[in-house]
Every structure is written in structure tokens, then in C-alpha cells.
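Chemist: Counting in my numbering, the sequence shown runs from 3 upward without gaps. Even glycine gets a Cβ: it sits at the ideal position worked out from N, Cα and C. On a predicted model such as this, the values are computed, not experimentally measured, just so you know.
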Amino acid sequence: MTLGEFLKAVTEAPGPSGYEEGVRQIIRSAFSPYCDELRVDPMGNVWAVRRATRRADRAPRIMLAAHMDEIGFVVKKIDAHVLRVSQVGGFDVRILPGQPVLVHGKVPLPGVIGSRPPHVLPPDEREKVIPLDELFVDVGLTAEELPRYVRVGDLITLRRGYVELRNGLVMSKALDDRAGVAALYSCLQELQALQHSWDVFAVATTQEEVGLRGAMTSAYGVAPDAAIAIDVTFGRTPDCPDIGTFELDKGPCIARGPNIHPVMFSLLEETAKRLEIPYQTEPIPGRSGTDAWAIQVAREGVPTGLVGLPLRYMHTPGEVVCLRDIERAGRLLAHLVATLDERALSRFRAPLGSSS
3 MTLGEFLKAV TEAPGPSGYE EGVRQIIRSA FSPYCDELRV DPMGNVWAVR RATRRADRAP
63 RIMLAAHMDE IGFVVKKIDA HVLRVSQVGG FDVRILPGQP VLVHGKVPLP GVIGSRPPHV
123 LPPDEREKVI PLDELFVDVG LTAEELPRYV RVGDLITLRR GYVELRNGLV MSKALDDRAG
183 VAALYSCLQE LQALQHSWDV FAVATTQEEV GLRGAMTSAY GVAPDAAIAI DVTFGRTPDC
243 PDIGTFELDK GPCIARGPNI HPVMFSLLEE TAKRLEIPYQ TEPIPGRSGT DAWAIQVARE
303 GVPTGLVGLP LRYMHTPGEV VCLRDIERAG RLLAHLVATL DERALSRFRA PLGSSS
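What follows is the structure in C-alpha cells.
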């Protein structure tokens with residue numbers, strides 16, 4: 003399966019936070035040929051374990067993490083022939099009216115997010131963003147039929163396909179963060195041709211969009227000696243500020259800030275330069291809001307890095323990334339893993355600020 007084929011499969015699969023089974027099955031099948039062990043933990047995280055090729059009694063562990071869950075909706079009320087919903091995670095509400103959805107009821111039900119047409123709104127409301135509590139989902143059933151197929155608490159996902167754009171760009175829902183999962187897939191493929199002294203735990207995490215929960219529990223279970231999270235970051239578009247946004251097809255972003263261990267930042271940067279992989283530096287002065295935030299403080303603390311994939315139109319049905327950036331990120335991760343040795347372990351374990 004090519005990188006593009008994998009990304010298409012995982013983005014089109016449903017998998018809102020806490021209900022990732024649809025995408026988890028695809029990840030398990032795709033990762034399996036490239037790892038020595040594969041397991042699903044009680045939180046639903048997928049662990050693909052590739053053991054060190056240079057054997058040791060107890061090889062150090064590096065955890066590579068990207069979240070597989072997507073934002074979605076949950077039915078909070080059946081209101082005559084329509085469904086009132088709440089968000090699981092957070093969409094940009096401005097783009098929701100008219101979006102096609104899939105209601106995961108007793109049978110899958112295609113539907114659409116509806117609202118009152120502007121013609122019947124008071125003039126002062128026609129230019130305003132419609133709040134979520136005034137939107138609803140219509141699947142075409144009558145008020146009598148709807149309760150037979152849908153219950154309060156059923157999940158709803160956007161129904162959008164994967165589209166190839168020009169210049170290696172692709173558009174889909176759920177690229178946040180299945181683009182990161184695709185980088186893990188690319189990394190595992192690249193590792194087939196490399197030797198490495200550390201055990202690699204490539205983890206597709208759950209429930210990131212509602213509180214980094216899969217990262218918390220899997221980091222505790224893996225107990226890594228070091229870790230790197232892979233997530234999306236803000237792609238540059240017209241009218242966006244240059245600070246805090248990053249160009250597509252200019253390489254992955256290597257984060258730097260208090261959430262990032264300085265040794266890990268240095269190793270990522272050195273690896274990118276050595277392999278002539280284009281990269282961008284992303285300053286994050288505080289909370290990163292990614293799995294790296296939870297992994298860093300697992301157990302007694304984990305030296306953590308963060309690789310970002312520039313993405314346009316975050317938390318909309320039409321997110322856009324560059325396939326080349328994903329491939330570059332996978333290659334960067336694999337070759338960093340291949341450089342890790344006892345000296346790297348000593349550097350990670352040395353107290354911050356020491357001369358080690």
C-alpha cells in the first residue's frame with residue numbers, strides 16, 4: 003500500500019474520539035507487516051513494536067505517537083424529524099451548515115447539517131455565524147421513524163472523501179491527525195532497511211481531541227526512554243500571519259520550546275541537516291496542545307520532541323496537507339531512530355542544564 007493509498011483509507015474511515023474502531027482496523031492491518039509485535043491496549047491505542055536490530059539485554063525504548071481520532075458529533079436530542087447535536091472535539095462552526103454527514107445509528111444513515119434559510123431570519127442575524135444549538139441533522143426520516151434508527155448518544159461523522167489536488171497536495175477530513183499516523187506508517191517502512199539499537203513503539207493514540215487521553219495512558223504503559231509526537235500544525239494561507247504558520251511542501255516542522263527536550267530538538271535538527279531533509283522550526287513558547295504535552299509528564303518525565311505537518315483549514319471537512327511533507331517526516335523519524343545509541347540515552351538522562 004502506497005503512502006497515498008494508506009492516507010486515503012484512514013481518512014475516509016470513521017473514528018471520532020472514543021470510537022476509533024473503524025480506523026483502528028485499517029491501521030492494525032497496514033502496520034502489521036512492518037513490526038515484530040502489535041497490540042491494542044485497554045484505551046484502544048495501537049502499539050506497533052519494532053524490536054532493536056542490534057540486540058541488547060534491555061534495549062532503550064523510543065515512542066513515536068500520532069493520534070488516530072477525529073472530531074465529530076454526538077446526538078443529544080431527537081427533535082421531531084431532526085437531530086440536535088453536540089460536538090466531540092471542536093469544528094469550525096462557520097462551515098457546518100450544508101455539510102454531508104453519516105449518522106452511526108442502528109444502520110448508517112447519510113444526512114445533512116441543516117439550519118433555517120437566511121430568507122426567514124431577521125436582517126440583523128443574516129450575517130452572523132449560526133451557533134451549533136441552532137443547527138440540526140436531517141436524515142430524511144419522519145418523526146415517527148427516526149427513533150427506530152437513532153438513539154441519543156449515537157455518533158455522527160462528516161461524510162467527505164479524499165481528493166488529490168495539484169502539486170502533491172491532498173484534501174480530506176481527519177487529516178488532523180491521520181497525516182501523522184501516515185508519517186508513522188512511512189517511518190515503519192523506512193526502518194525496514196535500517197539498523198537500530200532502540201526498540202521502536204509506533205503508537206496510534208486515541209482521544210487526543212478530548213484531552214490527550216490515549217497519549218497519557220500509552221506513555222505510562224510503554225514507559226519510553228524518549229518520545230516524539232507527530233501532529234499537524236498551521237499551514238500558511240493568505241491573510242494568515244507569518245508568525246505561527248508554516249509553508250506546505252517546505253518540510254516538516256521541528257518544534258522548540260518548554261514542551262520539547264533540547265537534546266531531542268538537536269537530534270532531530272542534526273538528522274534533517276545530515277540527510278538534507280527540508281524542515282522548518284516551530285517555536286512553541288507554552289502548551290503545545292498535542293500528544294507531546296501528555297507524554298512529556300508521564301511517569302517521572304519523558305524527553306519528548308514534536309514534529310509538525312503543515313496543514314491548511316484545520317478542523318474543517320477540507321483539510322489540506324502535502325504528501326511530500328508526510329514522507330519527509332517519516333524518513334526523518336526513521337533515520338533519527340537509527341542514530342540513537344548509548345550516548346543519546348546518557349544525554350537524555352542527564353539533568354537538564356548539565357554539561358553532559
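Which of the three DSSP states is assigned to W295 in this structure?
Modeler: For the purposes of this step, residue 295 is identified with residue 293 of the sequence shown, where counting begins at 1. In the displayed model, W295 falls within a helix according to three-state DSSP.
Chemist: Beta-carbon within less than 7 Å of A11's beta-carbon, same chain only, minus the 5 sequence neighbours each way: which residues are those?
Modeler: If you number the sequence shown from 1, residue 11 lands on position 9. Only I28 meet the Cβ criterion.
Chemist: Would you mind giving the Cβ-Cβ distance between I64 and W200, rounded to the nearest angstrom? I have them listed as a contact below 8 Å.
Modeler: In the sequence shown, residue 64 corresponds to position 62, counting from 1. In the sequence shown, residue 200 corresponds to position 198, counting from 1. Contact between I64 and W200 holds: CB atoms are separated by about 5 Å, below the 8 Å threshold.
Chemist: Are C189 and L250 touching if we call contact CB-CB under 7 Å?
Modeler: Stepping through the sequence shown from its first residue, residue 189 is reached at position 187. Stepping through the sequence shown from its first residue, residue 250 is reached at position 248. The answer is no: Cβ separation not under 7 Å.
Chemist: Just tell me which of A82, G46, Y187 and D94 has its CA closest to the CA of T4.
Modeler: As a first step, residue 4 is located in the sequence shown; it is residue number 2 there, counting from the start. Closest in C-alpha terms to T4, from the list A82, G46, Y187 and D94, comes Y187.
Chemist: Using C-beta distances below 7 Å, list every residue in its chain close to T13, excluding the 5 sequence neighbours before and after it, in chain order.
Modeler: As a first step, residue 13 must be located in the sequence shown, where it is residue number 11. Once the five neighbours on either side are set aside, the close Cβ partners of T13 are Y164, S174, K175, A176, L177 and R180.
Chemist: Report yes or no: do three or more beta-carbon pairs, one from the region 195 to 213 and one from the region 282 to 289, lie closer than 8 Å?
Modeler: no
Chemist: Sorted by chain position, which residues of the same chain lie with C-beta nearer than 8 Å to P133's C-beta, five sequence neighbours on each side aside?
Modeler: The residue labelled residue 133 in the question sits at position 131 within the sequence shown. For P133, same chain residues with a beta-carbon under 8 Å away, outside a window of 5 residues either side, are V95 in chain order.
Chemist: Taking 7 Å as the cut-off, decide whether the C-beta atoms of A2 and I297 are in contact.
Modeler: Look at the range of the chain in this structure, 3 to 358, and you will see that residue 2 is not part of it.
Chemist: Quick one: residues in its chain with C-beta nearer than 7 Å to the C-beta of G246, no 5 flanking neighbours on either side, listed in chain order?
Modeler: Position 244 of the sequence shown, counting from 1, holds the residue named residue 246. Take G246, set aside five residues on each side of it, and the residues of its chain with a beta-carbon closer than 7 Å to its own are F236, in chain order.
Chemist: DSSP puts R52 in a beta bridge; with which residues?
Modeler: Along the sequence shown, read from residue 1 onward, the residue named residue 52 stands at position 50. Answer is V202, bridged to R52.
Chemist: Confirm, please, whether the CB-CB distance from P254 to A204 is below 7 Å.
Modeler: On the sequence shown, residue 204 is found 202 positions in, with the first residue counted as 1. On the sequence shown, residue 254 is found 252 positions in, with the first residue counted as 1. Taking 7 Å as the Cβ cut-off, A204 and P254 do not qualify as a contacting pair.
Chemist: The alpha helix (DSSP H) that contains P264, what's its start and end?
Modeler: The residue given as residue 264 occupies position 262 in the sequence shown. From DSSP, the alpha helix (DSSP H) with P264 extends over P264 to L277.
Chemist: Check K10 in the structure and name its three-state DSSP category.
Modeler: Locating residue 10 in the sequence shown gives position 8, where the first residue counts as 1. Reduced to three states, the DSSP call for K10 is helix.
Chemist: Relative to the C-alpha of L269, which candidate in P285, D227, G307 and T239 has its C-alpha closest?
Modeler: Mapped onto the sequence shown, residue 269 falls at position 267. The shortest Cα separation from L269 among P285, D227, G307 and T239 belongs to G307.
Chemist: Whole beta strand (DSSP E) runs in the region 24 to 48 with 3 or more residues, listed along the chain?
Modeler: 39 to 42
Chemist: Are there 16 or more other CB atoms within 10 angstroms of the CB of E192, so buried, or fewer, so exposed?
Modeler: On the sequence shown, position 190 is the one that residue 192 refers to. It is buried - the Cβ of E192 has at least 16 other Cβ atoms within 10 Å.
Chemist: Measuring CA to CA, which of G20, M70 and C242 is closest to R30?
Modeler: Within the sequence shown, numbered from 1, the residue matching residue 30 stands at position 28. It is M70.
Chemist: For a quick check, are the C-beta atoms of A225 and N261 less than 7 Å apart?
Modeler: Here residue 225 refers to the residue found at position 223 of the sequence shown. Here residue 261 refers to the residue found at position 259 of the sequence shown. Not in contact: A225 and N261 (Cβ atoms no closer than 7 Å).
Chemist: Residues in its own chain within less than 6 Å of R314 by CB, not counting five upstream and five downstream?
Modeler: On the sequence shown, position 312 is the one that residue 314 refers to. If we look at R314 and ignore the five residues flanking it on each side, its Cβ neighbours are G237, T239 and V322.
Chemist: Give a yes or no on whether the C-beta atoms belonging to R258 and F248 are separated by under 7 Å.
Modeler: Working through the sequence shown from its first residue, we reach residue 258 at position 256. Working through the sequence shown from its first residue, we reach residue 248 at position 246. With contacts defined by Cβ atoms closer than 7 Å, R258 and F248 do not form a contacting pair.
Chemist: State buried or exposed for T207, treating a residue as buried only when at least 16 other CB atoms are found within 10 Å of its CB.
Modeler: To locate residue 207, count along the sequence shown from 1; it is residue 205. Buried is the call here.
Chemist: Short check: CB of D43 to CB of V51, under 7 Å?
Modeler: Working through the sequence shown from its first residue, we reach residue 43 at position 41. Working through the sequence shown from its first residue, we reach residue 51 at position 49. No, Cβ-Cβ distance for D43 and V51 is not below 7 Å.
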